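In what follows, a single structure is set out as structure tokens and then discussed.
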Amino acid sequence: MHEPQLTMVSLSFKTIPLKKTNELAAFTLVVNKNFRLSSTKKVPEHDYIMTALSKPATMTLPYDWNGEMGGNNEKVESCLGEKHLLNIFLKELRQIDPDIILGHDLLDFGLEYILQRMKVHSVNGWSRLGRIKRKDMPRMAAQIGLARAGHDACNGRLVADTKTSAMELVKMRDYNLTSLCEEQIPEQLSGLKPHFLYACKNRKEYLPEHIVEAFGSSNTLRMLLQENINDCFRNMLISSNIQSLPLAVQITNICGNILSRTLSRGRAERNAYLLLHAFHKKDHLPPPPYKKKTVEDGDKKGPKFAGGMVLEPKKGLYTNYILLLDFNSLYPSIIQEYNICFTTTAMQAPPDLPKTMEEGILPFEIKKLVNRRKEVKKLIKNEKNADELARLNIRQLGLKLTANSMYGCLGFTASRFCAQPLAALVTAKGREILEATKVFVEKMNLEVVYGDTDSIMINSNSTNISEVMKLGNLVKKEVNKHYRLLEIDIDGAYKSMLLLKKKKYAAIDQNGKEEFKGLDIVRRDWSEIARNEGRTILKLLLHEQDEEEGVRKIHEHLEMIGTEAGKQRI
DNA sequence: AGCTGGAGCGC
DNA sequence: TCTACACAAGGCGCTCCAGCT
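Quick note on numbering: the UniProt record's numbering labels position 98 of the first sequence as 98, and the sequence is numbered without any gaps.
Below you can see the structure in the form of structure tokens.
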């Protein structure tokens with residue numbers, strides 16, 4: 001089917017303090033009338049920009065304000081006050097009639113806020129936010145403790161929220177717009193001017209008092225509005241960099257759910273749709289929807305069943321190669337290997353393996369996802385066209401994410417298909433497999449130094465990488481003999497490793513790449529200096545093959561830090 | 001000294 | 001046809017720290 005051309009607006013706005021709340025002071029809409037949801041293009045396109053500014057209740061506009069941005073003919077629509085501004089906003093929205101609204105933190109804040117301001121001024125046309133004419137506003141957070149009314153009001157349009165999408169797709173410390181710009185806007189992009197990209201990457205944060213100050217002169221006001229315009233482009237750049245829209249389309253195609261919900265809600269609902277379709281197709285009655293039996297049942301803190309196994313680490317500094325093996329997609333594989341399903345397995349504790357030979361619906365669906373991904377990967381190998389390659393890559397990612405989220409949803413009490421006995425059975429088999437692998441590897445006269453859930457680390461007692469890989473291949477071959485489709489693979493080899501505790505280690509791999517896991521230096525609750533110095537010291541230790549020499553260098557470095565700190569230079 | 005609860009990681 | 005209700009939401013394992021008895 002031909003993909004439709006859609007209209008997208010990127011929305012950004014600024015507010016200014018007013019009594020106990022904030023008043024809407026300005027907004028920008030960047031409009032693109034040729035947007036394609038599946039496009040993997042990295043350079044955003046737009047047709048025009050529209051900016052409007054109001055004279056806030058507590059402010060005056062600069063005496064020489066002429067409503068112009070200067071330079072490139074960008075006009076600013078100047079309004080008499082907030083209500084006027086809101087009406088202009090609705091008028092524009094009506095004219096543009098966007099299919100997609102893009103912005104940062106729109107779902108949990110932005111849209112709700114705008115709706116709230118419309119309510120304050122009793123703005124009549126509020127339902128123009130969406131595509132259904134409505135009389136009564138949906139109830140808002142202040143009334144019922146929820147912040148989804150703004151989204152609800154945008155019915156008929158997709159809301160693409162860079163914060164929500166980034167939280168799902170990329171691991172970061174903070175998801176505020178400034179951090180997203182730093183980390184998710186590329187250094188360079190052919191087709192975009194470097195200085196513009198640089199400006200987008202380095203966002204200027206406006207605190208409420210800075211916004212007030214910006215109204216002091218035409219120049220500073222123009223700078224404020226320019227930043228607001230840039231925020232629109234920033235969101236476009238971030239969105240295309242994390243590819244949240246094409247990925248959402250893929251996931252929605254895979255699961256058969258609703259696109260707007262892929263963009264706004266959690267993963268359990270997508271899984272539920274996939275399974276409901278699967279049950280229906282097989283003409284099989286799905287299990288009754290899971291309902292929490294008691295309040296404690298769902299809300300009680302703490303684990304409801306046992307999870308993965310963590311092997312006791314043999315602590316220490318290793319300067320031989322440590323071989324790293326792990327099972328490919330352990331939990332999805334276990335579901336297939338043992339035919340674990342609602343239709344095959346008794347819901348009981350302790351759980352027991354199914355006796356039936358008939359393939360369950362859950363393993364069948366996972367198998368389909370895995371096989372489809374294999375097909376896509378095959379295509380990727382032979383594809384030369386960059387656009388098509390990007391599209392295929394998104395597709396395989398969607399398939400992988402969907403397969404991997406199945407187990408999580410089995411254990412999730414709010415899921416339609418919550419089945420904790422099944423989740424418990426999956427993890428029980430996982431523990432059994434890891435333990436058996438450890439015992440088996442030790443029987444090969446090899447030393448297992450650590451392992452977590454699906455991985456195992458073996459001391460190779462060798463400093464020769466090709467020898468180590470040979471050993472790895474041997475272990476892999478032997479372990480894989482035990483299973484029908486479960487598969488262990490070589491993940492790499494650590495040239496040196498400092499193993500401190502469960503889930504805490506530092507290492508350098510065969511290619512010189514550093515890995516720091518769980519240590520204080522990767523935790524944000526430690527000061528920057530402690531993290532940096534810890535890192536420096538670990539590098540000294542790991543890169544220095546001679547332990548004594550490493551320790552000497554560390555002492556030297558710490559002396560230096562102590563002296564510098566004493567002089568208050570740090 | 002020992003507990004509990006949470007934050008923030010790893011998988 | 002109208003009103004009230006509630007809409008959020010992958011899992012567990014392992015330190016480590018603060019706060020308490």
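The beta-carbon is built from N, C-alpha and C at its ideal position, and this holds for glycine as well. Just so you know, these numbers come straight off a predicted model, no measurement behind them.
- Contact annotation: Ile366 and Ile335 have beta-carbon atoms nearer than 8 Å.
- Taking C-beta atoms as the reference points, Thr28 and Asn235 fail to come closer than 8 Å.
- Pro287 carries a coil assignment under DSSP once its states are collapsed to helix, strand and coil.
- Judged by their CB atoms, Lys163 and Cys181 are not nearer to each other than the 8 Å cut-off.
- At a Cβ-Cβ threshold of 8 Å, Leu18 and Pro44 do not count as neighbours.
- Note: Gly492 is bridge-paired with Leu324 in the DSSP secondary-structure output.
- Residues of the same chain with a CB within less than 7 Å of the CB of Gly492, apart from the 5 flanking positions on each side, are Leu324, Asp509 and Gln510 in chain order.
- Excluding the 5 residues flanking it on each side, Asn22 has same chain C-beta neighbours closer than 6 Å at Thr15, in chain order.
- Pairing Met357 with Pro421 gives a Cβ-Cβ distance that is not under 8 Å.
- Residue state for Met347 is assigned as coil, using DSSP reduced to three classes.
- In terms of CA proximity to Gly70, Thr220 leads the group Gly130, Ala160, Thr220 and Gly103.
- In the structure shown, Cys154 adopts coil according to DSSP, grouped into three states.
- Boundaries of the beta strand (DSSP E) around Ser54: Tyr48 to Ser54.
- Positions of the beta strand (DSSP E) runs, each at least 3 residues long and wholly inside the stretch 417–480, are given as 447–450 and 455–459 in order along the chain.
- Rounded to the nearest angstrom, the Cβ distance from Glu337 to Arg484 is 6 Å, consistent with a contact under 8 Å.
- When only Cα atoms are considered, Tyr273 and Phe279 end up about 10 Å apart.
- According to DSSP, residue pairing for Leu225 in a beta bridge does not occur.
- Between the alpha carbons of Gly408 and Arg265 lies a gap of roughly 15 Å.
- Beta-bridge annotation (DSSP): Pro17 is paired with Asn22.
- The alpha-carbon of Arg117 is positioned some 11 Å away from that of Ala25.
- When the five nearest sequence neighbours on each side are left out, the beta carbons in the same chain lying within less than 7 Å of the beta carbon of Met167 are those of Tyr175, in order along the chain.
- Straight-line measurement puts the Cα of Ser260 at about 14 Å from the Cα of Gly150.
- Beta bridge pairing from DSSP links Gly316 with Leu499.
- A Cβ-Cβ separation of about 6 Å places Asn404 in contact with Pro332 under the 8 Å criterion.
- When DSSP states are grouped into helix, strand and coil, Val76 belongs to the strand group.
- Here Lys378 is exposed. Its C-beta has fewer than 16 other C-beta atoms within 10 Å.
- Taking all protein chains in view, the Cβ of Thr58 is surrounded by fewer than 16 other Cβ atoms within 10 Å, so the residue is classified as exposed.
- Restricted to the stretch 195–260, not a single beta strand (DSSP E) segment is unbroken, complete and at least 3 residues in length.
- Ser165 places its beta carbon 8 Å or farther from that of Arg391.
- The Cβ atoms of Lys42 and Leu245 lie no closer than 8 Å to each other.
- Residue burial annotation: Leu285 is exposed, with fewer than 16 other C-beta atoms found within 10 angstroms of its C-beta.
- Within the model, the alpha-carbon separation for Asn473 versus Ser496 is close to 20 Å.
- Here the stretch 204–224 does not lie against the stretch 245–257, with fewer than 3 beta-carbon pairs under 8 Å apart.
- With 16 or more other Cβ atoms inside 10 Å of its own Cβ, Gln243 counts as buried.
- Counted as a single uninterrupted DSSP element, the beta strand (DSSP E) harbouring Asp509 occupies residues Lys504 to Asp509.
- Nearest C-alpha to Lys204 among Met223, Gly191 and Arg416: Met223.
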